[in-house]
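See below for the structure under consideration.
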DNA sequence: ACCTGAACACCGTTCAAGT
DNA sequence: ACCTGAACACCGTTCAAGT
């Protein structure tokens with residue numbers, strides 16, 4: 001009567017299934033809790049079955065990262081001023097990173113080339129070039145936006161410790177040594193967990209870029 | 001004649017020594033190669049000796065992160081315009097992160113409160129408040145600068161794979177699908193590994209912040 | 001008090017075996 | 001071809017023992 005160790009059917013596994021399950025497991029339980037054994041259990045399969053589709057655990061992490069980034073659709077239209085289109089691209093990228101808490105860790109730990117989601121990067125570079133940026137400036141602007149999105153997502157996304165830690169530690173700082181910190185504790189705590197904080201910085205960058213492209217009207221803002 | 005298993009003297013170990021050795025080992029050999037056993041070997045001590053000064057490996061990682069950040073001296077003077085002082089603080093922070101390749105990984109994996117090097121943060125917040133930023137704007141500006149520095153360091157610092165990978169992969173992209181990428185390959189590759197790339201983005205942010213503080217002269221740059 | 005060695009429950013991965 | 005189980009060399013950590 002007891003059904004024991006039913007053998008898994010012949011083609012229950014493939015790279016995509018493994019990648020999706022791995023990312024899901026990491027998003028919910030944290031990167032550290034992904035092991036060959038835990039992933040196999042989640043897929044109702046013997047640990048060694050995974051090695052028929054993948055050579056190492058590293059390869060699973062790579063596949064999971066690509067799977068997460070694949071969801072990123074580049075929706076920047078061709079309408080409107082260039083800064084609005086850049087804004088849209090970056091908000092979408094940042095949103096994708098925030099949707100998969102484990103994705104940032106995967107990106108930081110192992111690069112995908114040097115320029116993450118290639119489709120989004122191509123779209124962004126095109127907009128910048130069309131806006132009149134010289135090749136060198138377009139490259140630098142693109143990297144700046146990429147870095148800011150990564151950093152914001154990395155610092156904001158849920159980590160090992162619960163988010164409450166940050167707020168508590170912040171409130172426990174000695175006020176006599178850190179007076180400004182203490183005075184700004186409330187707005188800092190709020191902005192730290194405000195989903196719109198990313199957009200604030202993005203708009204600062206865009207303002208800087210716009211100033212750089214119209215030097216004649218704002219000469220004092222040039223580098 | 002053969003000296004074997006000499007017992008280590010009584011007080012060869014303490015938290016600071018362990019933290020310094022751990023950070024050094026991670027900086028040179030990568031985060032993954034830090035194990036209790038490898039660290040103990042480097043300190044010429046039995047693995048279990050470490051547990052007299054530390055409760056878990058996590059605690060060693062925390063100590064290593066704090067040790068790396070402790071080197072950050074806040075050198076921003078009180079002279080000059082506020083944007084120059086902000087610039088100095090952030091360049092120093094970014095420089096500290098780049099000096100210890102493993103530090104960024106430690107910061108992203110486990111937060112130190114929500115605001116990394118507290119002394120530097122206090123200094124930066126003070127400058128912003130003195131410059132006339134409202135509490136909420138000062139908090140948002142501070143977080144933006146912090147996130148950008150983290151992201152830039154994270155994306156730029158050496159990873160598991162050699163840096164060459166990025167450049168190679170970038171050159172192998174199909175030019176018909178990614179024409180702008182192909183056209184900008186040279187400036188992108190150069191900017192990607194240019195230590196001054198961080199300063200470029202920092203100056204963009206500062207330009208945006210300056211525009212935000214002088215709304216009367218540049219009304220079109222306001223958010 | 002602080003360093004040590006053996007042991008335990010994990011982990012990624014190899015190897016030979018099943019179907 | 002693809003899934004499986006036993007085994008190996010690791011890992012972090014507990015426990016009892018040395019000095």
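Protein chains in written order, with UniProt numbering: chain A, 1 to 223; chain B, 1 to 223.
C-beta: ideal position from N, C-alpha, C; glycine also.
Values in this document were obtained by computation on a predicted structure and should not be read as measured data.
Subject >> Residues near residue 54 of chain B by beta carbon distance below 8 Å, same chain, minus five either side >> reply: 15, 18, 60 and 63
**OP:** Note down, in chain order, every chain A residue with its Cβ under 7 Å from the Cβ of residue 36 of chain B.
**Re:** The contacting residues do not exist; residue 36 of chain B stays about 16 Å from chain A at best.
Original post:
With burial defined as no fewer than 16 other Cβ atoms inside 10 Å of the residue's Cβ, what is the status of residue 177 of chain B: buried or exposed?
Top reply: exposed
Original post:
In the structure shown, what three-state DSSP assignment does residue 178 of chain B receive?
Top reply: coil
Subject >> CB contact flag (residue 104 of chain B, residue 153 of chain B, <8 Å) >> reply: yes
Original post:
What do you get for residue 137 of chain A, buried or exposed, if any count of 16 or more other CB atoms within 10 angstroms of its CB means buried?
Top reply: buried
**OP:** Would you check whether the ligand MG has a heavy atom nearer than 7 Å to the C-beta of residue 79 of chain A?
**Re:** The ligand MG is not among the ligands present in this structure, which contains no ligands whatsoever.
Original post:
Got a sec: which bits of the segment 118–143 of chain A sit with their beta carbon under 8 Å from any beta carbon on chain B, in order along the chain?
Top reply: 118, 121, 122, 125, 126, 129, 135, 136, 138, 139, 140, 141, 142 and 143
Original post:
Going along the segment 200–214 of chain A in order, which residues come within less than 8 Å of chain B, judged by CB to CB distance?
Top reply: 200, 201, 203, 204, 205, 206, 207, 208, 209, 210, 211 and 212
Original post:
Does the beta-carbon of residue 148 of chain B have 16 or more other beta-carbons within 10 angstroms, so that it is buried, or is it exposed?
Top reply: buried
**OP:** Give the single residue among A:182, A:89 and A:191 whose Cα lies nearest to the Cα of residue 142 of chain A.
**Re:** A:89
Subject >> For residue 117 of chain B and residue 22 of chain B, the rounded distance between their alpha carbons >> reply: 19 Å
Original post:
When DSSP labels each residue in this structure, what does residue 42 of chain A get in the three-state scheme?
Top reply: helix
**OP:** For residue 200 of chain B, count neighbouring Cβ atoms within 10 angstroms of its own Cβ and tell me buried if that reaches 16, exposed if not.
**Re:** buried
Original post:
Within this structure, are the beta carbons of residue 102 of chain A and residue 48 of chain A separated by less than 8 Å?
Top reply: no
Subject >> Which of helix, strand or coil DSSP assigns to residue 6 of chain B >> reply: coil
Original post:
Does the beta carbon of residue 192 of chain B come closer than 8 Å to any beta carbon on chain A?
Top reply: yes
Original post:
Below 8 Å between beta carbons: does that hold for residue 186 of chain A and residue 173 of chain A?
Top reply: no
Original post:
Quick one: complete alpha helix (DSSP H) runs, 4+ long, within the segment 86–124 of chain A?
Top reply: 101–109
Original post:
CA-CA distance, residue 78 of chain B and residue 85 of chain B?
Top reply: 7 Å
Original post:
Got a sec: is the Cβ-Cβ distance from residue 180 of chain A to anything in chain B below 8 Å?
Top reply: yes
Original post:
Any beta-carbon of chain B closer than 8 Å to the one on residue 11 of chain A?
Top reply: no
Original post:
So is residue 61 of chain A in contact with chain B if we call contact Cβ pairs under 8 Å?
Top reply: no
Original post:
When the cut-off is 8 Å and only beta carbons count, does residue 176 of chain A lie next to chain B?
Top reply: no
Original post:
Start and end of the alpha helix (DSSP H) containing residue 151 of chain A?
Top reply: 135–156
**OP:** Answer with buried or exposed for residue 67 of chain A, where buried requires no fewer than 16 other C-beta atoms within 10 angstroms of its C-beta.
**Re:** buried
Subject >> Contacting residues, own chain, Cβ-Cβ under 8 Å from residue 127 of chain A (five flanking each side not counted) >> reply: 76, 82, 85, 86 and 89
Subject >> Cα-Cα separation between residue 41 of chain B and residue 35 of chain B, rounded to whole angstroms >> reply: 10 Å
**OP:** With a cut-off of 8 Å on the beta carbons, I'd call residue 156 of chain A and residue 125 of chain B a contact; round off their distance for me.
**Re:** Contact flag wrong, Cβ pair sits at about 19 Å.
Original post:
In the segment 144–156 of chain B, which residues sit with their C-beta less than 9 Å from some C-beta in chain A, listed in chain order?
Top reply: 144, 145, 146, 147, 148, 149, 150, 151, 152, 153, 154, 155 and 156
Original post:
Is the CB of residue 80 of chain B under 8 Å away from at least one CB in chain A?
Top reply: no
Original post:
By how many angstroms is the C-alpha of residue 109 of chain B removed from the C-alpha of residue 158 of chain A?
Top reply: 10 Å
Original post:
With a cut-off of 8 Å, does the C-beta of residue 164 of chain A fall near any C-beta of chain B?
Top reply: Caution is warranted here: a pLDDT of 43 is assigned to residue 164 of chain A, below 50, making its placement in the model unreliable, and the coordinate value is therefore given only provisionally. Output row for residue 164 of chain A: interface = no.
**OP:** Report the option in A:43, A:196 and A:94 whose CA atom is closest to the CA atom of residue 11 of chain A.
**Re:** A:43
Subject >> Backbone secondary structure at residue 32 of chain A - three-state DSSP >> reply: helix
Original post:
Out of curiosity, what's the CA-to-CA distance linking residue 203 of chain B and residue 106 of chain A?
Top reply: 29 Å
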